[in-house]
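Here's the structure, in structure tokens; my notes come after.
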Amino acid sequence: KNEVEQSPQNLTAQEGEFITINCSYSVGISALHWLQQHPGGGIVSLFMLSSGKKKHGRLIATINIQEKHSSLHITASHPRDSAVYICAVSPIISNFGNEKLTFGTGTRLTIIP
Amino acid sequence: DTAVSQTPKYLVTQMGNDKSIKCEQNLGHDTMYWYKQDSKKFLKIMFSYNNKELIINETVPNRFSPKSPDKAHLNLHINSLELGDSAVYFCASSHIEKLFFGSGTQLSVL
Numbered sequence: 055k056n057e058v059e060q061s062p063q064n065l066t067a068q069e070g071e072f073i074t075i076n077c078s079y080s081v082g083i084s085a086l087h088w089l090q091q092h093p094g095g096g097i098v099s100l101f102m103l104s105s106g107k108k109k110h111g112r113l114i115a116t117i118n119i120q121e122k123h124s125s126l127h128i129t130a131s132h133p134r135d136s137a138v139y140i141c142a143v144s145p146i147i148s149n150f151g152n153e154k155l156t157f158g159t160g161t162r163l164t165i166i167p
Numbered sequence: 207d208t209a210v211s212q213t214p215k216y217l218v219t220q221m222g223n224d225k226s227i228k229c230e231q232n233l234g235h236d237t238m239y240w241y242k243q244d245s246k247k248f249l250k251i252m253f254s255y256n257n258k259e260l261i262i263n264e265t266v267p268n269r270f271s272p273k274s275p276d277k278a279h280l281n282l283h284i285n286s287l288e289l290g291d292s293a294v295y296f297c298a299s300s301h302i303e304k305l306f307f308g309s310g311t312q313l314s315v316l
């Protein structure tokens, strides 16, 4: 079993719908990342969380450290949000700020116009 | 201006060959990484360097050797390529909260 599990694996929704992608992890962490991988393959870092909630535009990420769970929400979804969303956790932040990330398997999101 | 650039974007080669992938970042970050994404799109860290020093070396065959001539560059050399090395390789750099990824190199070993 992977240390980082995401659900759902695939999600198709209509434009405008509220989207939730979940990430559960089984190890102690110091931080959690949400990444977006575009259909062309490029990867963009969306958020890094160690507690609470962060918001950027229509994207909201939350984390519950006690429950070892994080969610990524997209409000007013748009076809350009179609991508693979990847959760990754870091058990260590060293003095250098390095992070040994363990990745989830990703959630493929498709937004239909 | 590309923040993290890696070349080549595509690499097709025969088994047994030696190849290199180059990575450069112009962000002034101290930390750089190599990740491998397999055919199932699963990402896994391979190496991490901080200011030219190796920090993380996951269970990667010795055929893979990273080289960091300066903190802006982290190249990946692969000797005696095998079919199982076919994957997309991503370079990245980081500063505190954010990771910046290169566009990936799709390696196909025939």
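Here the protein sequences come in this chain order: A and B.
Here the first sequence is numbered in my numbering, starting from 55 and rising by one per residue.
Here the second sequence is numbered in my numbering, starting from 207 and rising by one per residue.
Cβ atoms here follow ideal geometry from the backbone N, Cα and C, with glycine treated the same way.
No experiment lies behind these values; they were computed from the predicted model shown.
The secondary-structure analysis by DSSP pairs Ile140(A) across a beta bridge with Leu89(A). Pro93(A) is not a Cβ neighbour of Ala142(A), given a cutoff of 8 Å. Shown here for Leu305(B): same chain residues with a beta carbon closer than 7 Å to its own, the five before and five after excluded, namely Ala298 in chain order. In the structure shown, Arg269(B) falls within a coil segment according to DSSP collapsed to helix, strand and coil. Chain A places no beta carbon closer than 8 Å to that of Ile284(B), leaving this residue out of the contacts. The count of Cβ pairs closer than 8 Å, one atom from the region 100-115 of chain A and one from the region 126-140 of chain A, reaches three, so the stretches are in contact. Taking 8 Å as the threshold, the shortest C-beta distance from His87(A) to chain B falls below it. Taken in chain order, the members of the region 286-312 of chain B whose beta-carbon sits within less than 9 Å of a beta-carbon on chain A are Val294, Phe296, Ala298, Ser300, His301, Ile302, Glu303, Lys304, Leu305, Phe306, Phe307, Gly308, Ser309, Gly310 and Gln312. Spatial neighbours of Val218(B) in its own chain (CB-CB distance under 6 Å, excluding positions within 5 residues in sequence) are listed in chain order as Ser314. By the rule that beta-carbons nearer than 8 Å mark a contact, Ile262(B) touches chain A. Per DSSP, the continuous beta strand (DSSP E) segment holding Val294(B) begins and ends at Ala293 to His301. Between the C-alpha atoms of Val294(B) and Phe307(B) there is a straight-line separation of about 12 Å.
For the region 123-142 of chain A, residues whose beta-carbon sits nearer than 9 Å to a beta-carbon of chain B comprise Val138, Ile140 and Ala142.
Only residues of its own chain outside the window of five on either side were considered, and among them Ile284, Leu313 and Val315 have a CB closer than 7 Å to the CB of Asp291(B), listed in chain order.
Taking 8 Å as the threshold, the shortest C-beta distance from Phe270(B) to chain A does not fall below it.
Straight-line spacing of the CA atoms in Tyr216(B) and Ser226(B) works out to 12 Å.
For Gly158(A), the number of other beta carbons within 10 angstroms of its own is at least 16, and it is reported as buried.
Lys109(A) and Asn56(A) have their C-alpha atoms some 27 Å from each other. Burial state of Met221(B) is exposed, judged by a 10 Å Cβ sphere holding fewer than 16 other Cβ atoms.
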